[in-house]
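**Student:** In the numbering used here, the protein residues as written are 130 to 683.
Below is one structure. I have some questions about it.
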Amino acid sequence: MSPQIAGLLQLIALIAALALAYRPLGDYMARVYSSEKHYKPEKWIYKVIGANPAAEMRWPAYLRGVLAFSAVSVLFLYLMQRVQGSLPGSLGFSSIDPDQAFNTAASFVANTNWQSYYGEQAMGHVVQTGGLAVQNFLSAAVGMAVAVALVRGFSRSRTGELGNFWADLVRGTVRILVPISVIGAIVLVACGAIQNFSGIHQVGQFMGGTQEWNGGAVASQEAIKELGTNGGGYFNANSAHPFENPNPLSNLFEIFLILLIPFALTRTFGRLVGSLKQGYAILGAMAVIWIGFTALMMWTEFAHRGPAFEIAGGAMEGKETRFGIAGSSIFAVATTLTSTGAVNSFHSSYTGFGGGITMLGMQLGEIAPGGVGSGLYGMLIMAVIAVFIAGLMVGRTPEYLGKKIGTRQIKFAACYILITPALVLGFTAVAMALPTPGDSMTNSGAHGFSEILYAYTSGANNNGSAFAGLNADTQWFNSTIGIAMLLGRFLPMVFVLALAGSLAEQKPVPETAGTLRTDKPLYTGLLVGTILIITGLTYFPALALGPLAEGLAS
130 MSPQIAGLLQ LIALIAALAL AYRPLGDYMA RVYSSEKHYK PEKWIYKVIG ANPAAEMRWP
190 AYLRGVLAFS AVSVLFLYLM QRVQGSLPGS LGFSSIDPDQ AFNTAASFVA NTNWQSYYGE
250 QAMGHVVQTG GLAVQNFLSA AVGMAVAVAL VRGFSRSRTG ELGNFWADLV RGTVRILVPI
310 SVIGAIVLVA CGAIQNFSGI HQVGQFMGGT QEWNGGAVAS QEAIKELGTN GGGYFNANSA
370 HPFENPNPLS NLFEIFLILL IPFALTRTFG RLVGSLKQGY AILGAMAVIW IGFTALMMWT
430 EFAHRGPAFE IAGGAMEGKE TRFGIAGSSI FAVATTLTST GAVNSFHSSY TGFGGGITML
490 GMQLGEIAPG GVGSGLYGML IMAVIAVFIA GLMVGRTPEY LGKKIGTRQI KFAACYILIT
550 PALVLGFTAV AMALPTPGDS MTNSGAHGFS EILYAYTSGA NNNGSAFAGL NADTQWFNST
610 IGIAMLLGRF LPMVFVLALA GSLAEQKPVP ETAGTLRTDK PLYTGLLVGT ILIITGLTYF
670 PALALGPLAE GLAS
């Protein structure tokens with residue numbers, strides 16, 4: 130069987146698995162977020178944190194909950210790293226330096242999981258499991274809560290109340306993320322991933338020195354790392370490491386976990402707004418982009434140009450032979466079109482156009498299907514922009530899901546889509562203009578520029594993957610990427626929740642013959658076109674200096 134056919138079969142199997150899980154998981158999550166019942170463990174948590182889960186919140190109060198909880202999480206994780214040397218189970222590792230501790234704390238709380246350190250050489254068991262893994266759950270639950278709040282803005286009327294942040298946070302963690310992660314960890318252990326708390330083992334001689342391997346609770350962290358679209362690996366090699374991702378079956382399962390909740394949330398959206406067709410329209414836009422990017426990536430990496438590619442069967446540099454080009458390409462697209470950032474190959478070694486595809490996937494806003502929660506609310510923002518454009522074309526006030534999209538709503542949406550590009554392009558320009566940051570580039574020319582552009586694209590979009598050629602463990606990159614991650618995560622949430630509050634206050638508008646049908650394929654096409662045009666106009670000049678220039682020169 131040819132590698133191309135094997136890759137196509139993997140893609141078909143993945144789509145089939147996602148289709149089977151789509152309806153039951155989407156309906157279950159809708160019941161979770163609309164239920165008024167509280168389980169005993171949840172009541173205990175509410176009592177400990179002093180929250181009243183029945184109290185409805187308007188958008189400013191909901192936002193305060195998000196920001197306060199996240200600020201405490203950053204502080205807690207930062208302090209845990211700073212005192213690691215005094216903690217049990219530290220494996221003899223010292224405390225983390227202040228700039229790297231800040232970067233890592235911001236990264237994991239922002240659901241980015243950018244790592245400028247070697248996991249197996251820096252973090253002990255307590256920090257890995259009690260700090261990083263815990264934030265994998267909580268940051269994902271925060272994203273889901275904000276997405277549900279926006280959906281309530283569309284489904285409710287004549288009220289500014291969006292639910293209760295603490296109830297949404299706890300339910301998302303206890304009822305959705307934890308149960309699926311337990312099952313996922315068991316599957317990964319069965320596939321060969323490790324799960325223990327052993328120390329450092331010397332396993333023999335390697336190039337004249339002693340090789341050491343760490344143990345760790347890898348499978349449990351790997352499950353929520355993928356399910357929560359987090360991406361931070363226990364080991365520096367991430368999902369290219371055999372302890373995290375042992376074989377092609379585990380590789381396909383990890384891709385399934387990455388895409389599972391983001392795709393299923395479109396079903397949840399349809400249920401909560403009372404129209405499954407609206408959910409299918411959003412799903413269609415996500416699926417078209419995801420399948421298109423996957424096909425383009427596989428074609429780019431399989432293309433035989435030169436004797437080295439012909440001998441290897443494609444662009445195999447930087448890819449694991451366990452997964453091949455197909456398994457690596459599907460994983461790379463899945464991880465950069467979501468906010469996961471996990472890697473089973475090194476994107477810096479992809480062809481010029483292949484590296485550009487991974488970068489463009491993040492620059493779209495990671496909405497196809499995007500991160501857990503963030504993908505849905507990002508796509509709904511683009512849906513608002515699309516109906517506004519359609520309204521301008523036909524000369525009538527745009528409406529979406531029975532809500533008028535007026536001046537106030539479009540300002541919130543416009544601010545949302547401008548924040549991340551401003552962070553990415555601004556920080557990249559400053560880093561290229563200053564003399565010191567350029568010293569971290571491994572390569573010169575277009576590829577070197579791509580390394581820095583990719584780093585800030587990954588940080589500001591809360592992805593976390595790296596181009597693997599940039600030395601980001603410097604005070605400049607630790608600080609600026611940390612700031613980009615925090616601003617890229619929480620500033621957009623301000624406008625998402627403000628938009629949700631303004632929509633919830635409105636009176637529903639009755640549908641008329643002139644109302645744009647947003648549940649039809651024509652609107653899905655308009656939505657896809659809007660996403661590609663806005664991203665292209667924003668990032669094309671920067672892409673032309675980096676991956677496009679490299680691809681055309683090769």
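Using N, Cα and C, we set each Cβ at its ideal position, and we do this for glycine too.
All values derive from a computational prediction rather than experimental measurement.
DSSP three-state call for I323: helix, strand or coil?
**Tutor:** Coil, per DSSP.
**Student:** Excluding the 5 residues flanking V553 on each side, which residues of the same chain have their C-beta closer than 7 Å to its C-beta?
**Tutor:** Closer than 7 Å at Cβ, skipping near neighbours: Y585, T586, A589.
**Student:** Can you look up R304 in the DSSP assignment and give me helix, strand or coil?
**Tutor:** Note: R304 maps to helix in three-state DSSP.
**Student:** Can we say the stretch 304-318 touches the stretch 277-284, given the rule of at least three CB pairs closer than 8 Å?
**Tutor:** The answer is no - the stretch 277-284 does not touch the stretch 304-318, with fewer than three Cβ pairs under 8 Å.
**Student:** Measuring only the C-alpha atoms, how far is M561 from A673?
**Tutor:** Cα-Cα distance, rounded: 16 Å.
**Student:** Classify H476 as buried or exposed, calling it buried when 16 or more other Cβ atoms lie within 10 Å of its own Cβ.
**Tutor:** Its Cβ being crowded by 16 or more others within 10 Å, H476 is buried.
**Student:** Check the C-beta distance from S199 over to V271 and give it rounded, since I have them as a contact under 8 Å.
**Tutor:** About 7 Å separates the two Cβ atoms, so the contact holds.
**Student:** Taking C-alpha atoms, which residue in G665, S219, N473 lies nearest to P371?
**Tutor:** Minimum Cα distance to P371 is reached at N473.
**Student:** In terms of residue numbering, what span does the alpha helix (DSSP H) encompassing I534 cover?
**Tutor:** It is not in any alpha helix (DSSP H) - I534 carries neither H nor E in the DSSP assignment.
**Student:** In the structure shown, what three-state DSSP assignment does T586 receive?
**Tutor:** Three-state result, T586: helix.
**Student:** State buried or exposed for Y363, treating a residue as buried only when at least 16 other CB atoms are found within 10 Å of its CB.
**Tutor:** Label assigned to Y363: buried.
**Student:** Would you decide whether R160 is buried or exposed? Buried here means 16 or more other CB atoms lie within 10 Å of its CB.
**Tutor:** So R160 counts as exposed.
**Student:** Starting from the Cα of I418, find the closest Cα among G654, S478, G483 and give me that residue.
**Tutor:** Checking every option, the nearest Cα to that of I418 belongs to G654.
**Student:** Could you tell me whether the stretch 400-420 touches the stretch 321-330, using the rule of 3 or more Cβ pairs below 8 Å?
**Tutor:** The stretch 400-420 is not in contact with the stretch 321-330.
**Student:** State the beta-bridge partners of E290 as determined by DSSP.
**Tutor:** Paired residues: R187.
**Student:** Suppose you measure from the CA of Y583 to the CA of N181; what does that come to, to the nearest Å?
**Tutor:** If I take the Cα positions, the gap works out to 42 Å.
**Student:** Have a look at G485, L620, A633, A551 and flag the residue whose alpha-carbon is nearest the alpha-carbon of K532.
**Tutor:** When only C-alpha atoms are compared, the closest one is A633.
**Student:** Would you check if the stretch 237-251 and the stretch 637-657 touch, i.e. whether three or more CB-CB distances between them fall below 8 Å?
**Tutor:** Touching, no, given that fewer than three Cβ pairs across the two stretches are closer than 8 Å.
**Student:** Alpha carbon to alpha carbon, how far is L681 from N293?
**Tutor:** Distance between the alpha carbons of L681 and N293 is about 51 Å.
**Student:** Would N607 and N365 qualify as a contact pair, given that the criterion is a beta-carbon distance under 8 Å?
**Tutor:** Contact flag unset, no.
**Student:** Under 8 Å, with one C-beta from each stretch per pair, do the stretch 492-499 and the stretch 414-428 reach the 3-pair mark?
**Tutor:** Counting Cβ pairs under 8 Å, three or more are found: they touch.
**Student:** For a quick check, are the C-beta atoms of G321 and P377 less than 8 Å apart?
**Tutor:** Contact flag unset, no.
**Student:** Assess, as a yes-or-no matter, whether the stretch 561-581 is touched by the stretch 531-547 under the definition of 3 or more beta carbon pairs within less than 8 Å.
**Tutor:** Touching, no, given that fewer than three Cβ pairs across the two stretches are closer than 8 Å.
**Student:** So the alpha helix (DSSP H) S268 belongs to, where does it begin and stop?
**Tutor:** Note, S268: alpha helix (DSSP H), 262-284.
**Student:** Indicate whether G260 and M209 have their beta-carbon atoms separated by less than 8 Å.
**Tutor:** Yes, these two residues count as a Cβ contact at 8 Å.
**Student:** What residue range does the alpha helix (DSSP H) around D648 cover?
**Tutor:** Neither: D648 is in no alpha helix (DSSP H) and is coded neither H nor E.
**Student:** So, E165 versus V303, is the Cβ gap smaller than 8 Å?
**Tutor:** No. Outside cutoff.
**Student:** Residue range of the alpha helix (DSSP H) that W173 falls in?
**Tutor:** That run of the alpha helix (DSSP H) goes 169-178.
**Student:** Where does M522 land, buried or exposed, given buried means 16+ other C-beta within 10 angstroms?
**Tutor:** M522 is exposed by the Cβ-count criterion.
**Student:** Measure the Cβ-Cβ separation of G344 and L306 and say whether it is below 8 Å.
**Tutor:** Cβ atoms of G344 and L306: not closer than 8 Å.
**Student:** Around the C-beta of Y168, are 16 or more other C-beta atoms found within 10 angstroms, so that it is buried, or is it exposed?
**Tutor:** With fewer than 16 other Cβ atoms within 10 Å, it is exposed.
**Student:** Between which two residues does the alpha helix (DSSP H) carrying V513 extend?
**Tutor:** 503-523 is the span of the alpha helix (DSSP H), which, as asked, contains V513.
**Student:** Starting from W243, follow the alpha helix (DSSP H) in both directions and report where the run begins and ends.
**Tutor:** That residue, W243, is in no alpha helix (DSSP H); it is neither H nor E in DSSP.
**Student:** Could you spell out the range, first to last residue, of the alpha helix (DSSP H) harbouring D156?
**Tutor:** D156 -> alpha helix (DSSP H) spans 132-163.
**Student:** What did DSSP end up calling L599 once you bin it into helix, strand or coil?
**Tutor:** L599: strand per DSSP, three-state reduction.
**Student:** Quick test of your reading: F578 and A613, contact by CB under 8 Å. State the CB separation rounded to the nearest angstrom.
**Tutor:** Rounded, the Cβ-Cβ distance is 17 Å, inconsistent with contact.
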